[in-house]
Amino acid sequence: MYKEYLPCHILAPYVDRYWEFKGQTEQGMQIKLSTDGCTDFMFILENTVNHGIIMQPYHSYFIGPMNVCSALITSSGTINTFGVRFRPCGLSRFMKISLSELTNIRLSVNDLNTIFSDSFAERLFEEQGIQCKINLIERYLKEHLYKSSHTMDAQIAYAVNQINAHEGKISISHLMDEVNLCQRHFERKFKLHTGFTPQKYNSIVRFKNAIKILKNESFDNLLSVAVKAGYYDASHLSREVKKLSGSTPNFFLSLPPDNETTIIYTK
């Protein structure tokens with residue numbers, strides 16, 4: 001029902017992945033969206049879903065960076081959505097946008113000056129098969145990339161990469177010294193380009209690493225996971241996982257290692 005696809009190497013520095021959620025559901029099914037530090041464009045190809053706003057078929061929506069778990073609610077027995085997930089800072093290569101004003105916000109693209117028009121969902125719907133949809137998206141994004149004069153902020157892109165490389169366990173004060181910015185200026189620029197404070201993004205990456213440990217490694221108890229992932233104790237781990245995913249650590253123990261956890265659907 002939910003599948004993910006990687007972008008081509010040209011777009012990979014900016015686009016995290018494409019995703020498709022398509023198939024039979026039950027009306028009122030809850031689809032949890034875990035916090036992942038990214039931003040998404042969501043194209044509703046059939047049927048209505050509720051994500052704080054009513055998302056209509058053949059329309060396009062922007063999902064801002066989320067610092068808490070949110071959910072979609074299905075309104076019919078089927079779902080057909082396609083998404084483009086941009087890496088932190090990645091969207092700024094294509095358009096000028098202040099993500100600090102769009103945290104936890106869902107908007108129709110008609111309400112935001114974006115690279116996608118509302119009618120782009122109709123173009124995707126007309127394409128037969130997932131690969132044709134991806135080809136359309138990639139042609140479109142590469143055209144914008146070649147024409148765009150926008151650039152990623154080098155200091156913030158470096159900071160994001162360092163947080164990722166250290167799995168959310170890096171000292172933010174040390175990072176400020178590395179990019180040669182004072183605390184106020186660093187936090188303002190970081191939030192402008194990612195939608196998060198550096199501390200919050202650090203915690204999101206730490207959470208993602210904790211989920212990876214839960215799914216892929218052997219351990220004696222939750223305390224050992226918490227310590228390895230950089231949490232104070234098991235209760236600290238449990239609180240963060242619940243807040244950012246809507247589920248408990250034990251839920252992720254039941255998932256196969258290759259199961260994606262950004263989107264979790266339950267009746």
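Counting with the numbering used here, you get residues 1 to 267 for the letters of the sequence shown. Using N, Cα and C, we set each Cβ at its ideal position, and we do this for glycine too.
- In the DSSP assignment, Ile134 falls within the alpha helix (DSSP H) that extends over Ile130 to Lys147.
- If you look at Tyr201, you'll find it in the alpha helix (DSSP H) that goes Pro198 to Asn216.
- Gly28 counts as exposed, since fewer than 16 other beta carbons sit within 10 angstroms of its beta carbon.
- For the pair Ser100 and Leu192, the CB atoms are nearer than the 7 angstroms cut-off.
- Here Met1 is exposed. Its C-beta has fewer than 16 other C-beta atoms within 10 Å.
- Here the C-alpha atom of Tyr58 lies approximately 37 angstroms from the C-alpha atom of Ala210.
- Taking Leu214 as the centre and dropping the five residues before and after it, the same chain places the C-beta of Val225, Pro249, Phe252 and Leu253 closer than 7 angstroms to its C-beta, in chain order.
- Residue range Gln183 to Thr194 is occupied by the alpha helix (DSSP H) that includes Gln183.
- Rounded to whole angstroms, the gap between the alpha carbons of His150 and Ser98 is 13 angstroms.
- A straight-line Cα-Cα distance of about 42 angstroms links Phe21 and Asn180.
- Going by DSSP, His174 is part of no beta strand (DSSP E) but of the alpha helix (DSSP H) stretching over Ile172 to Val179.
- A distance of 7 angstroms or more separates the beta carbons of Phe43 and Ala157.
- Taking the Cα positions, Glu26 is about 9 angstroms away from Ile79.
- Counting along the chain, Ser108 sits inside the beta strand (DSSP E) bounded by residues Arg106 to Ser108.
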